[in-house]
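Here is the structure we will look at, set down as structure tokens.
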Amino acid sequence: MGVRPLILLLCGVMVCSKKDSTQLCDETNMASCYGFSVYIDRDIDTDYSLEEIIRDLKTQDILVSKVVRFKRKGSSDPILIILIDEIGNTNRIVIKIGRVIFKVNKFIENPKVCFKYLRFGPTQLRCGKAKRCSNYGALHEDNCLNPTKCFRCSEAHHALNHKCRFYIIEKQIINLVRDQDISFFEARKRVAMQPSYAASASAAASSSGELSSVKSQFEVLNTAILKLTDQVSALLLRFNQVENLREVNQKCIVRCAEIQDQLLNQVQENKHIKELTESQRSHIEFLQKQISLADPDLQLYPRPSPELRLVPPSLVSFSEVGELSSTDFCSGIG
Numbered sequence: 007m008g009v010r011p012l013i014l015l016l017c018g019v020m021v022c023s024k025k026d027s028t029q030l031c032d033e034t035n036m037a038s039c040y041g042f043s044v045y046i047d048r049d050i051d052t053d054y055s056l057e058e059i060i061r062d063l064k065t066q067d068i069l070v071s072k073v074v075r076f077k078r079k080g081s082s083d084p085i086l087i088i089l090i091d092e093i094g095n096t097n098r099i100v101i102k103i104g105r106v107i108f109k110v111n112k113f114i115e116n117p118k119v120c121f122k123y124l125r126f127g128p129t130q131l132r133c134g135k136a137k138r139c140s141n142y143g144a145l146h147e148d149n150c151l152n153p154t155k156c157f158r159c160s161e162a163h164h165a166l167n168h169k170c171r172f173y174i175i176e177k178q179i180i181n182l183v184r185d186q187d188i189s190f191f192e193a194r195k196r197v198a199m200q201p202s203y204a205a206s207a208s209a210a211a212s213s214s215g216e217l218s219s220v221k222s223q224f225e226v227l228n229t230a231i232l233k234l235t236d237q238v239s240a241l242l243l244r245f246n247q248v249e250n251l252r253e254v255n256q257k258c259i260v261r262c263a264e265i266q267d268q269l270l271n272q273v274q275e276n277k278h279i280k281e282l283t284e285s286q287r288s289h290i291e292f293l294q295k296q297i298s299l300a301d302p303d304l305q306l307y308p309r310p311s312p313e314l315r316l317v318p319p320s321l322v323s324f325s326e327v328g329e330l331s332s333t334d335f336c337s338g339i340g
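Numbers in the working numbering are just positions in the sequence shown, counted from 1, shifted up by 6.
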């Protein structure tokens with residue numbers, strides 16, 4: 007599996023693989039001698055045909071084994087993404103097509119997976135194993151009710167998840183085979199010597215228990231957050247009610263202060279009226295005594311008011327009269 011396919015199409019020219027290294031290393035079998043570098047570009051306008059792209063690359067001494075334009079899923083409409091399989095191990099960052107310079111990136115190939123037994127390498131057509139559940143890894147269909155758990159790393163994700171550490175390691179192996187033109191055995195050996203691989207393998211056994219503990223803690227924390235959210239919502243409602251009551255109370259306090267001022271003014275006015283009434287009463291009593299002394303036979307009777315039909319206070323109008331002596335009063339009668 008460490009060699010390229012036997013025959014590749016180079017713009018209509020047959021290119022020999024490394025297995026045929028006995029042939030001359032000319033333009034037609036250069037791929038077998040120098041390997042491949044696969045690039046991807048996501049901005050090539052669909053107006054450029056594949057023939058134009060290959061011709062422009064050739065003018066820059068870039069030999070390619072194939073150029074592929076991607077199409078929209080479920081249709082034949084081309085999109086801006088193209089794949090360039092260049093002969094030789096290179097590290098390009100840009101290419102020029104027409105008068106425009108485009109940025110390119112190394113194409114990271116994904117591992118081939120058997121969707122039946124879920125192992126890396128052979129596809130489902132060549133697999134004679136039983137069906138494995140991608141949800142839990144057991145040998146049954148995918149419609150199980152067990153919690154999601156990868157049978158490779160024991161973490162809570164499907165076995166085909168691209169974030170699985172073993173999937174990433176397998177991807178490193180494939181790209182190491184492609185970039186350095188070595189066998190899968192050698193590539194696996196090199197990856198296994200990396201510290202990250204040993205850490206991933208040792209962490210796979212203990213990750214399940216740690217993940218369960220973290221999940222339970224997360225659920226407890228989530229429950230506490232929900233409770234706190236409800237309490238904060240209730241407190242916020244209470245706070246709004248208190249603010250409304252505070253506004254109403256403030257208005258009531260202002261109104262009470264106004265009423266208190268009015269009452270104080272009324273009390274002062276009532277005191278003034280009371281003092282005036284007491285003064286008039288004393289003056290009336292004095293006048294009555296004076297009249298009695300002047301004419302003991304004179305009787306004074308209150309006369310009701312013809313308009314209001316009320317009995318007015320005795321001699322209230324006398325409050326406007328100054329003090330009279332007995333001599334002045336007697337002379338007035340005569």
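Glycine included, every Cβ here is placed at the ideal spot set by N, Cα and C. For clarity, every value in this text was computed on a predicted model and none was experimentally measured.
- In this structure, DSSP gives Ile259 a helical state, which the three-state scheme calls helix.
- A direct Cα-Cα distance of roughly 49 angstroms separates Leu227 from Arg75.
- By the neighbour-count criterion, in which 16 or more other beta carbons inside 10 Å mark a residue as buried, Glu264 falls on the exposed side.
- Residue pairing by DSSP puts Val73 in a beta bridge opposite Ile90.
- In the DSSP assignment, Phe172 falls within the alpha helix (DSSP H) that extends over Arg171 to Gln186.
- The beta-carbon separation of Asp91 and Val110, rounded to 12 angstroms, does not stay under the 8 angstroms limit for a contact.
- Note: Phe108 is bridge-paired with Ile101 in the DSSP secondary-structure output.
- Between Asp185 and Asn95, the beta carbon gap of about 7 angstroms places them in contact (Cβ cut-off 8 angstroms).
- When DSSP states are grouped into helix, strand and coil, Ser219 belongs to the helix group.
- Shown here, Asp236 sits in a helix according to DSSP, grouped into three states.
- Going by beta carbons, Cys156 and Gly143 fall inside the 8 angstroms limit.
- Tyr45 is positioned such that its CB atom lies closer than 8 angstroms to that of Arg98.
- Excluding residues up to 5 positions away in sequence, Lys102 lie with their Cβ nearer than 7 angstroms to the Cβ of Gln66 in the same chain.
- In the three-state DSSP reduction, Ser43 falls in the strand class (E or B).
- In terms of CA proximity to Asp47, Phe113 leads the group Leu63, Arg61, Ile68 and Phe113.
- Contact between Val183 and Ala193 holds: CB atoms are separated by about 5 angstroms, below the 8 angstroms threshold.
- Setting aside the 5 residues that flank it on each side, Arg158 is surrounded in the same chain by Phe172, each with a C-beta closer than 6 angstroms to its C-beta; the list follows chain order.
- Spatial neighbours of Pro153 in its own chain (CB-CB distance under 8 angstroms, excluding positions within 5 residues in sequence) are listed in chain order as Tyr142 and Ala162.
- Per DSSP, Asp83 is not a residue of any alpha helix (DSSP H), being assigned neither H nor E.
- One thing to note: Ile68 has its Cβ no nearer than 8 angstroms to the Cβ of Ile59.
- In the DSSP assignment, Val197 falls within the unbroken alpha helix (DSSP H) covering Phe190 to Ala198.
- For Leu63, the uninterrupted alpha helix (DSSP H) run begins and ends at Leu56 to Thr65, by DSSP.
- In the DSSP secondary-structure assignment, Phe224 is not bridged to any residue.
- A buried status is given to Cys139, since no fewer than 16 other beta-carbon atoms sit within 10 Å of its beta-carbon.
- Under the 10 Å beta carbon count, Phe121 is surrounded by fewer than 16 other beta carbons and is classified as exposed.
- By the criterion of a C-beta distance shorter than 8 angstroms, Leu145 is surrounded in its chain by Ala136, Lys137, Arg138 and Cys139, once the five residues flanking it on both sides are discounted.
- Excluding residues up to 5 positions away in sequence, Val197 lie with their Cβ nearer than 7 angstroms to the Cβ of Gln178 in the same chain.
- Secondary structure of Phe113 (DSSP, three-state): coil.
- The secondary-structure analysis by DSSP pairs Val119 across a beta bridge with Phe126.
- In this structure, the alpha-carbon of Ser298 lies about 18 angstroms from that of Gln286.
- A Cβ-Cβ contact shorter than 8 angstroms links Val73 with Ile88.
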